[in-house]
Amino acid sequence: MLCILLVFIYSCNVTDKHKDKIIKSAGLKNDFKILRQTLEEAHPGLYWYTEKPLMDKHFDSIYALLDTDMTRVTFFKTLLPLIAKIKCLHTNVQLLNEPGNSRVKFTKILPYHFFCTNGKIYITNDYSNLGHTGAEVLSINNVSSKKITQTLLNSLPSDGYNETYKYQLLNSGAFGEGYALFFGQPESFAVEVIDSGCIKPVIYTVKAKSVQDIPGLNNKPSRQSVYVDFTNDSSTAVLTVNTFEMNTNKFNEIISAIFKTIKDKNIQQLIIDLRKNGGGNNDNVPQLLSFLATDTFLHLKRAERNAGNFTYLQYFDNKEAIKNLGGVYEHHEKYLMNYRYAGTSYTQPVSALGYTGKVVVLTSGHTTSAASEFAAIAHYTNRAIIVGEETGGCYYGATGGTYIQLILPASKINVRIPTIRIFTAVTEDSLHPKGRGTFPDYTVTPQINDILKGRDVQLEAAFQVLSKKATGQ
42 MLCILLVFIY SCNVTDKHKD KIIKSAGLKN DFKILRQTLE EAHPGLYWYT
92 EKPLMDKHFD SIYALLDTDM TRVTFFKTLL PLIAKIKCLH TNVQLLNEPG
142 NSRVKFTKIL PYHFFCTNGK IYITNDYSNL GHTGAEVLSI NNVSSKKITQ
192 TLLNSLPSDG YNETYKYQLL NSGAFGEGYA LFFGQPESFA VEVIDSGCIK
242 PVIYTVKAKS VQDIPGLNNK PSRQSVYVDF TNDSSTAVLT VNTFEMNTNK
292 FNEIISAIFK TIKDKNIQQL IIDLRKNGGG NNDNVPQLLS FLATDTFLHL
342 KRAERNAGNF TYLQYFDNKE AIKNLGGVYE HHEKYLMNYR YAGTSYTQPV
392 SALGYTGKVV VLTSGHTTSA ASEFAAIAHY TNRAIIVGEE TGGCYYGATG
442 GTYIQLILPA SKINVRIPTI RIFTAVTEDS LHPKGRGTFP DYTVTPQIND
492 ILKGRDVQLE AAFQVLSKKA TGQ
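If you read the sequence shown in our numbering, its first letter stands for residue 42, the second for the next number, and so on.
Set out below in structure tokens:
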């Protein structure tokens, strides 16, 4: 998530002394040619959700816009919707610093934190002190909330056709910076809202603030990456796994200690909270699941990468790593990469510390990459009930692994391109459409009043589900 947020936040971030560099049309077209060909050669999921004829149309439509000179920021904004069409949250573009060159700084942004859901925008924190906390925003500077939201959603990448991940990004700070990027940075904003309990909308003017004047969204002290809490009656454990980004041995050491405590306390109900887990080390997925599994299981069907050479290897910032990707040659199109993923081999359940009680997994749009794979396999093997929101990562797999860092020569825009495609070990069926995440057994989506009151309705629902199961309901 942080990487995607930086797309907006760092895209415009220095002083106002220098104007953004103008790039000639010829340079833009050459950059685009390099970008397109590298994506076609390297990205193993380029046509997974957008078929080639349609993707070609998207490429051609963007190329047609490059007959005129552009600033770097304008070119960057032009590329964002194209990258989003790939429907891969691991693929993104970022602007890089360049000596003597500046980018437009976010000096004037909306003085709010927002909560976006189902196309609607609400104010959760009003730093203008005008008393509109909880209000629904209908328009900003005569642009409807629907148009603003759709513009931002169309410019954010996500896996497949999923939108819960995009909304998580907007709610984590991307809305304010995204608005500044696409709709400008005026001195003030005409904001149309409907306040809670009111029928008629009101329009008022609010002065812009700088980013530094608005508190961060995540200013609470963070706990460990992985930790466990127990209910007062010691009936239920809540295991929070905020990331899989950890050495496998270290991860196994922490998880083993937690499950030993769970066994010692004779815990019969377990909640695993993955709502803030954006993935990480793929090998930690079978590690964690082995403590829950009741039978031998498979995490991944296969992992593969495209075969062939890279025409523009000289523009890769990590060319040596890419040249040494390796793999087992299958045919002229693919290399098998199973040897890099422990999940492609069968995993045995942990016997001594294995947990056989009831399990609920909490998910959100932020549950992506390796975390979404865990949710998919835990659900597929009937080892967990899923509560919360559709995962941000797809049920059937993703692209990731080793990434090409492509530096476009004229614009100095950095493009991150995944090189490995993995397939989760689940059976395709009509209950899980292609391009969607793991669907919850119990869908629970926070509403604006829950946010304002600080209620964790998803965790509350998890306890209710376990209570029903305990009583046989």
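For glycine and all other residues, C-beta sits at the position ideal for the given N, C-alpha and C.
Being a predicted model, the structure only gives us computed values, none of them experimental.
(request) Apply the 10 Å Cβ neighbour rule to Cys516 and answer buried if 16 or more other Cβ atoms are within range, or exposed otherwise. (result) Residue 516 is absent from the structure shown; the chain starts at 42 and stops at 514.
(request) Run the CB neighbour count on Gly141, radius 10 Å, all protein chains shown included, and call it buried at 16 or more, exposed below. (result) In the sequence shown, the residue the question calls residue 141 occupies position 100. Because Gly141 carries a pLDDT of 45, less than 50, the predicted location of this residue cannot be relied on, and no value is offered for it.
(message) Taking only three categories from DSSP, how would you classify Val467?
(response) Taking the sequence shown and counting its residues from 1, the one referred to as residue 467 is at position 426. In this structure, Val467 counts as coil in the three-state DSSP scheme.
(request) Give the DSSP-derived three-state secondary structure of Phe285 in the structure shown. (result) Translated into the one-based positions of the sequence shown, residue 285 becomes position 244. In this structure, Phe285 counts as strand in the three-state DSSP scheme.
(message) Strictly by DSSP, which residues pair up with Pro459?
(response) Within the sequence shown, numbered from 1, the residue matching residue 459 stands at position 418. Bridge partners of Pro459: Tyr444.
(message) Buried or exposed, going by whether 16 or more other CB atoms sit within 10 Å of the CB of His154?
(response) The residue you call residue 154 lines up with position 113 of the sequence shown. Buried: at least 16 other Cβ atoms inside 10 Å.
(message) Check whether the segment 281-296 and the segment 240-254 touch, using three or more Cβ-Cβ pairs below 8 Å as the test.
(response) Verdict: no, contact absent.
(request) Can you have a look at Thr335 and say buried or exposed, based on whether 16 or more other CB atoms are within 10 angstroms of its CB? (result) Numbered from 1 along the sequence shown, position 294 holds the residue referred to as residue 335. Classification for Thr335: exposed.
(message) For Ile461 and Pro85, which I take to be in contact (beta-carbon distance under 8 Å), what is that distance rounded to the nearest angstrom?
(response) Within the sequence shown, numbered from 1, the residue matching residue 461 stands at position 420. Within the sequence shown, numbered from 1, the residue matching residue 85 stands at position 44. That belief holds up - the Cβ atoms of Ile461 and Pro85 are roughly 7 Å apart, short of 8 Å.
(message) Tell me which residues share the same chain as Thr404 and place their Cβ nearer than 7 Å to its Cβ, disregarding the 5 neighbours each side in the sequence.
(response) Locating residue 404 in the sequence shown gives position 363, counting from the first residue. Counting only Cβ-Cβ distances below 7 Å, and skipping sequence neighbours, we find Leu315, Arg316, Ala416, Ile427, Gly429, Glu430, Thr432, Thr479 and Pro481.
(message) Taking its Cβ as the centre, do 16 or more other Cβ atoms sit within 10 Å of Ser102, making it buried, or is it exposed?
(response) As a working note, residue 102 is residue 61 in the sequence shown. So Ser102 counts as exposed.
(message) Given this structure, state the Cα-to-Cα distance separating Cys157 from Val232, to the nearest angstrom.
(response) Here residue 157 refers to the residue found at position 116 of the sequence shown. Here residue 232 refers to the residue found at position 191 of the sequence shown. Between Cys157 and Val232, the C-alpha separation is close to 16 Å.
(message) Is it the case that the segment 434-442 contacts the segment 393-411, given that we only count it when at least three CB pairs across the two stretches are under 8 Å?
(response) yes
(message) How far does the beta strand (DSSP E) with Arg496 in it extend, from its first residue to its last?
(response) Mapped onto the sequence shown, residue 496 falls at position 455. Unbroken run through Arg496: none, as it is neither H nor E.
(request) Assign Arg424 to one of three DSSP states: helix, strand, or coil. (result) Counting from 1 along the sequence shown, the entry for residue 424 is found at position 383. DSSP places Arg424 in coil when its eight states are reduced to three.
(message) Just to confirm my understanding: we take Asn260, look at its own chain, exclude 5 residues before and 5 after, and list those with CB closer than 7 Å. What are they?
(response) Start at 1 with the first residue of the sequence shown, and residue 260 comes out as number 219. Residue placement at Asn260 is flagged as unreliable, the pLDDT there being 49, under the threshold of 50; a coordinate-derived value is accordingly withheld.
(message) Between the alpha carbons of Lys360 and Arg346, how many angstroms are there, rounded?
(response) On the sequence shown, position 319 is the one that residue 360 refers to. On the sequence shown, position 305 is the one that residue 346 refers to. When rounded, the distance between both Cα atoms is 16 Å.
(message) I need the straight-line Cα distance from Tyr268 to Ser180, nearest angstrom please.
(response) Start at 1 with the first residue of the sequence shown, and residue 268 comes out as number 227. Start at 1 with the first residue of the sequence shown, and residue 180 comes out as number 139. So the alpha carbons of these two residues sit roughly 42 Å apart.
(request) Would you check if the distance between the CB atom of Ser297 and the CB atom of Leu394 is smaller than 8 Å? (result) Against the sequence shown, residue 297 aligns to sequence position 256. Against the sequence shown, residue 394 aligns to sequence position 353. A contact, by the Cβ cut-off of 8 Å.
(request) Tell me where the alpha helix (DSSP H) around Thr192 begins and ends. (result) Position 151 of the sequence shown, counting from 1, holds the residue named residue 192. That run of the alpha helix (DSSP H) goes Ser186 to Ser196.
(request) Answer yes or no: do Ser452 and Pro390 have a C-beta to C-beta separation smaller than 8 Å? (result) Position 411 of the sequence shown, counting from 1, holds the residue named residue 452. Position 349 of the sequence shown, counting from 1, holds the residue named residue 390. No, these two residues do not count as a Cβ contact at 8 Å.
(request) Give me the Cβ distance between Leu132 and Pro459, rounded to the nearest whole Å; I'm assuming they're in contact under 8 Å. (result) The residue labelled residue 132 in the question sits at position 91 within the sequence shown. The residue labelled residue 459 in the question sits at position 418 within the sequence shown. It is worth fixing the name first, because residue 132 is Thr in this sequence and not Leu. About 6 Å separates the two Cβ atoms, so the contact holds.
(request) Whole angstroms is fine: what's the gap from Leu106's alpha carbon to Ile189's? (result) Taking the first residue of the sequence shown as position 1, residue 106 is located at position 65. Taking the first residue of the sequence shown as position 1, residue 189 is located at position 148. Between Leu106 and Ile189, the C-alpha separation is close to 22 Å.
(message) Please classify Val369 as buried or exposed, where buried requires at least 16 other C-beta atoms within 10 Å of its C-beta.
(response) The count along the sequence shown starts at 1 and reaches residue 369 at position 328. Classification for Val369: exposed.
(request) May I ask you to report which of helix, strand or coil DSSP gives Thr115? (result) Start at 1 with the first residue of the sequence shown, and residue 115 comes out as number 74. Shown here, Thr115 sits in a helix according to DSSP, grouped into three states.
(request) Find out if the Cβ-Cβ distance for the pair Tyr382, Asn325 is shorter than 8 Å. (result) In the sequence shown, counting from the first residue as 1, residue 382 sits at position 341. In the sequence shown, counting from the first residue as 1, residue 325 sits at position 284. Cβ atoms of Tyr382 and Asn325: not closer than 8 Å.
(request) Put His154 into one of helix, strand or coil per three-state DSSP. (result) To locate residue 154, count along the sequence shown from 1; it is residue 113. Correct three-state label for His154: strand.
(message) Using the Cβ count rule (16 or more neighbours within 10 Å means buried), how would you classify Leu76?
(response) Walking along the sequence shown from the start, residue 76 turns up at place 35. Buried.
(request) Provide the residue(s) that pair with Asp270 in DSSP beta bridges, ordered along the chain. (result) Taking the first residue of the sequence shown as position 1, residue 270 is located at position 229. Bridge partners of Asp270 according to DSSP: Val279.
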